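Take a look at the structure set out below.
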Amino acid sequence: MTSEPSPSSQPPAPAGSGESTASGPGRTVRRLVLASASPARLGLLRQAGFDPEVVVSGVDEDLLDAPTPAALAKVLAEAKAAAVAGLPKAEDALVVGCDSVLELDGRPLGKPVDAEEAAARWKAMRGRSGVLQTGHCVIDGRTGARTSATASTTVHFGEPSDEEVAAYVASGEPLHVAGAFTLDGRSAPFVERIEGDHGNVIGLSLPLLRKLLAELDVRITDLWT
Numbered sequence: 010m011t012s013e014p015s016p017s018s019q020p021p022a023p024a025g026s027g028e029s030t031a032s033g034p035g036r037t038v039r040r041l042v043l044a045s046a047s048p049a050r051l052g053l054l055r056q057a058g059f060d061p062e063v064v065v066s067g068v069d070e071d072l073l074d075a076p077t078p079a080a081l082a083k084v085l086a087e088a089k090a091a092a093v094a095g096l097p098k099a100e101d102a103l104v105v106g107c108d109s110v111l112e113l114d115g116r117p118l119g120k121p122v123d124a125e126e127a128a129a130r131w132k133a134m135r136g137r138s139g140v141l142q143t144g145h146c147v148i149d150g151r152t153g154a155r156t157s158a159t160a161s162t163t164v165h166f167g168e169p170s171d172e173e174v175a176a177y178v179a180s181g182e183p184l185h186v187a188g189a190f191t192l193d194g195r196s197a198p199f200v201e202r203i204e205g206d207h208g209n210v211i212g213l214s215l216p217l218l219r220k221l222l223a224e225l226d227v228r229i230t231d232l233w234t
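Quick note on my numbering: the sequence shown kicks off at 10 and runs consecutively.
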């Protein structure tokens, strides 16, 4: 998405240039594409001053595997970013792919398949701690350069009652989030505390994104709109 240029702005960047006109005389920003359908990730980026385009990757997560939950999160993020970066609509853009899994007892837990599994997950998680692993991958469509890493945040769960678990599952929310919980929704009261990046649990670590962009010689401030 681009903002309309003011009369004092420079002419819009040529089509296919991978740049869009932003506020400020003569200032342009690289196009930023989010390879994720997650409203939470989109919200985090917008709150931080970005206005990314959303292009869903269509990657089948069940076809991918890795030896550890942290590695799996990174593999999934890389696959999503690569799938979108290869599309004409993402040409010359900076593509960001992310994926999250909850590590519990050394096993990766994604989105529960149904309400029964979501309830069982919560009964297994309550009173315990897990690690939310979010893989991040950034691909520069202009140069083909790419970099990736995983951010880890420890989550200490509270002890919701069976009735609270049932009510939460009935809301439908846990079926749409990795690990069957989120910090920016109805399950927030059931999380006692975290150790690490709050945004990472929601779906994207802004500090890690800054580091990955820097590895590609892109300043995060140049992407602000």
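By construction, the Cβ of each residue, glycine as well, lies at the ideal position given by its N, Cα and C atoms.
Remember, it's a predicted structure, so these values are computed and weren't measured experimentally.
Within the stretch 157 to 228, complete beta strand (DSSP E) segments of at least 3 residues are found at 200 to 204, given in chain order.
Contact between P121 and R135 does not hold, since their C-beta atoms are separated by about 15 angstroms, which reaches or exceeds 8 angstroms. Residue environment for G67: exposed (fewer than 16 other C-beta atoms within 10 angstroms of its C-beta).
The Cβ-Cβ distance between P117 and L81 falls below 7 angstroms. Under the three-state reduction of DSSP, G150 is assigned to coil, being neither helix nor strand.
Taken through DSSP and simplified to helix, strand or coil, T37 comes out as strand. Judged by DSSP in its simplified three-state form, P78 adopts helix. Within the stretch 80 to 136, the runs of alpha helix (DSSP H) that reach at least 4 residues and sit entirely inside it are, in chain order, 124 to 134. Between G119 and A187, the gap from beta carbon to beta carbon is short of 7 angstroms. In the three-state DSSP reduction, T143 falls in the strand class (E or B). Considering only A176, A189 and Q142, the residue with the shortest C-alpha distance to L217 is Q142.
Taking one beta carbon from each stretch, the stretch 149 to 160 and the stretch 209 to 227 have 3 or more pairs nearer than 8 angstroms; the two touch.
In this structure E224 is in contact with T156, their Cβ atoms being roughly 5 angstroms apart against a cut-off of 8 angstroms. In this structure, V105 places its C-beta atom within 7 angstroms of the C-beta atom of V147.
Per DSSP, reduced to three states, the secondary structure at L73 is coil, with no helix or strand assignment. Inter-residue distance for A49 and P97 is about 26 angstroms (C-alpha atoms, whole angstroms).
When V140, A133 and A128 are compared, the shortest CA-CA separation from A176 is found for A128.
The C-beta of G144 has 16 or more other C-beta atoms within 10 Å across all chains shown, which makes the residue buried. In the DSSP secondary-structure assignment, V42 is bridged to E62 and V104.
Using a Cβ distance threshold of 7 angstroms, S138 and G212 do not count as a contacting pair.
Shortest Cα-Cα distance from L43 to any of P76, D60 and Q56 involves D60. According to the DSSP secondary-structure assignment, S138 is paired through a beta bridge with H165.
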